[in-house]
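**Q** Input: one structure, supplied below.
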Amino acid sequence: MYQNQRQSPVSPRRTKTVSIVIPTYNEAENISRLIEAIKDNLPSGIFTEIIVVDDNSPDGTGKIVETYTQNNNNSATKKSSLQRQDQKQEQNVLEINSNKNCSVKVINRENRNGLIPAILQGISSSGGDYILVMDADFSHSPENIPRMIEELLHNPDQIVVASRYVKGSSVVGWPVKRKIISRCANIIARYVLRLCNITDPMSGFFAFRRHLIENVTIDTSGYKLLLELLVKVNGGNTRVREIPYTFTDRQSGRSKMDNGVMIDYIKAVWHLYRYGQKSKQTTEQNKEKRKSILFLSKAGRFFTIGASGLLVNYVISYLLSNGILANLWYVQATGIGIICSITSNFFLNKAWTFEDRNFSARHTLRQYGLFFGMSSIGAALQLAILYFLVESADMKYEVSLILAVAIASMSNFLLNKKWTFREKVWG
Ligand SMILES: Nc1nc2c(ncn2[C@@H]2O[C@H](COP(=O)(O)OP(=O)(O)O)[C@@H](O)[C@H]2O)c(=O)[nH]1
Ligand SMILES: [Mg+2]
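Under our numbering, the residue at position 129 of the sequence shown is numbered 130, and the numbers go up by one with no gaps.
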């Protein structure tokens, strides 16, 4: 597993920089033409960084890009291979600034060890706020890049996917067998992984904001990076914008898809399915945990206010009955004390326990009436329970009182939570 962390980029971070990451293996016939074509289709007004990540292609793809960069900029700076070491793999990074809006860079990896690790390495050493991933074989036409970037800039929190299967797209040059395999793989991914908001989760042509994949753990043995992102970013709830395009089978070079690819695919889908199940379980557990914490915290606040109400009740009854504020009959004084404590309890609970900031007269009066009613029910319940425990269950008064107060307070809390303040009982 690979914890995708931001590694210090080789080129300095700029705002509105798009890094185009192109993994290559034996793309000698395509790569220079592709770089030129991308340059011809640069989105205007933003800096573009093209990063070719080559796995030591036997046909010399990496070398070709190196030569290309040197030819295009005599002052190209060869960065020391010691400058960065990534996952114990040495790499050479050669960068040019062929024009002020675009730079080209090649990362030469020592071994071929998977497409996802190659792309991730390209992303790690890129400096853009926005990342676009594409193949080198012209299946993904550079003409689509400006539109994809534009969509991404408008909605930076979504993944923009150039899709082969959304309305308006087409696939050119694939034999029927490959079309069927691709369709089946798509159906499996969409249904098993519940990716309902996308028609082409297997696309290799997509763009996203770098920020989106921070803290996402990507399985480097996975099948397609996009599939990983769709399942893992935001718990699988990331918005996707699909753009139709014409996918054209490669004209030069050979596909690296071999017979083992289907097995790898099924394995990857299975791992992602398990991941989804686990994270769903964890999310549910966390939700339950949050609910119980919230419930307990509200109950705690309610009972603290209840205790403060006893004090208010006692002090006011005392002051009104012993001549300090008035000299009322003790029953009258206690009655007023009870009303004052219910009132202070109500306002404190409204503001603190249930965090209700609507103090409009009508709403507050309605709640106050209900709170009063519920408190009366609580008091009646307390008396009834007390009477039952002492008279019928033969329990001691002291113990019965504790039980009755506890049950009545809890019912008071629940009734007010549900009816007065219109909250769910749990949570
Ligand atoms: N760096 C790197 N690039 C790869 C590897 N395998 C494929 N690629 C590149 O990934 C892109 C897609 O590969 P491709 O063979 O066209 O696969 P297909 O489109 O599924 O037939 C191309 O740009 C390839 O050069 C790999 O192992 N390492
Ligand atoms: Mg291809």
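All residues carry an ideal CB built from backbone N, CA and C; glycine is no exception. Here the structure is a predicted model, which is why all the values come from computation and not from measurement.
For the region 368-423, list the alpha helix (DSSP H) runs that are entirely contained and at least 4 residues long, ordered along the chain.
**A** Entirely contained in the region 368-423, the alpha helix (DSSP H) runs reaching 4 residues are, in chain order, 398-416.
**Q** Could you give the distance in angstroms between the alpha-carbon of W330 and the alpha-carbon of G379?
**A** If you take the alpha carbons of W330 and G379, they lie about 25 Å apart.
**Q** So is G128 buried or exposed if we call it buried at 16+ other beta carbons inside 10 Å?
**A** Flag for G128 reads buried.
**Q** Which runs of the alpha helix (DSSP H) fall wholly inside the region 101-162 and span at least 4 residues, in chain order?
**A** Here the runs fully enclosed are 116-125 and 146-155.
**Q** Tell me, please, which residues DSSP counts as bridged to I52.
**A** V22 and K106.
**Q** For L226 and K418, I'd like the C-alpha separation in whole angstroms.
**A** About 47 Å.
**Q** Given 7 Å as the limit, tell me if S256 has its C-beta closer than that to any heavy atom belonging to ligand 2.
**A** S256 Cβ: within cutoff of ligand 2.
**Q** Is there at least one non-hydrogen atom of ligand 2 closer than 7 Å to the beta-carbon of D136?
**A** Under cutoff, so the answer is yes.
**Q** Do F373 and I337 have their beta-carbon atoms positioned less than 8 Å apart in this structure?
**A** Not a contact, by the Cβ cut-off of 8 Å.
**Q** Using C-beta distances below 6 Å, list every residue in its chain close to D136, excluding the 5 sequence neighbours before and after it, in chain order.
**A** Here the set comprises G205.
**Q** Buried or exposed for G370, please, with buried defined as at least 16 other CB atoms from any protein chain shown within 10 angstroms of its CB.
**A** Burial call: exposed.
**Q** Could you tell me which residues DSSP pairs with F207 in its beta bridges?
**A** Per DSSP, V134 and V162.
**Q** Is it buried or exposed for H141, if we count other Cβ within 10 angstroms and need 16 for buried?
**A** H141 is buried by the Cβ-count criterion.
**Q** Could you have a look at V172 and say whether DSSP puts it in helix, strand or coil?
**A** If DSSP states are grouped into helix, strand and coil, V172 belongs with the strands.
**Q** Could you name the residues of the same chain whose beta carbon sits closer than 7 Å to that of G428, not counting the 5 residues immediately before and after it, in chain order?
**A** Answer for G428: K292, L295 and F296, listed in chain order.
**Q** Taking 8 Å as the threshold (C-beta atoms), are Y26 and K281 in contact?
**A** No, these two residues do not count as a Cβ contact at 8 Å.
**Q** Given the structure, does R113 come close to ligand 1, in the sense that its CB is under 7 Å from one of the ligand's heavy atoms?
**A** Within the cutoff, so yes.
**Q** Starting from I244, trace the beta strand (DSSP E) both ways and give me its first and last residue.
**A** Per DSSP, I244 belongs to the beta strand (DSSP E) from V241 to P245.
**Q** Give me, in chain order, the residues of the same chain whose beta-carbon lies closer than 6 Å to that of P118; leave out the 5 immediate sequence neighbours on both sides.
**A** So the list reads T221, once near-sequence residues are dropped.
**Q** Counting only the same chain and skipping the five closest in sequence on each side, list residues whose C-beta sits under 6 Å from that of A334.
**A** Excluding positions up to five away in sequence, the list reads S318, L321 and S322.
**Q** Taking one C-beta from the region 241-257 and one from the region 163-178 each time, how about it: are there three or more such pairs within less than 8 Å?
**A** Counting Cβ pairs under 8 Å, three or more are found: they touch.
**Q** Within 7 Å: the Cβ of S140 and any heavy atom of ligand 2?
**A** Checking every heavy atom of ligand 2 against the Cβ of S140, one is found closer than 7 Å.
**Q** So is the beta-carbon of E356 under 7 Å away from any non-hydrogen atom of ligand 1?
**A** Not under cutoff, so the answer is no.
**Q** Could you pull the start and end residues of the alpha helix (DSSP H) that D265 belongs to?
**A** Start and end: V262 to S322.
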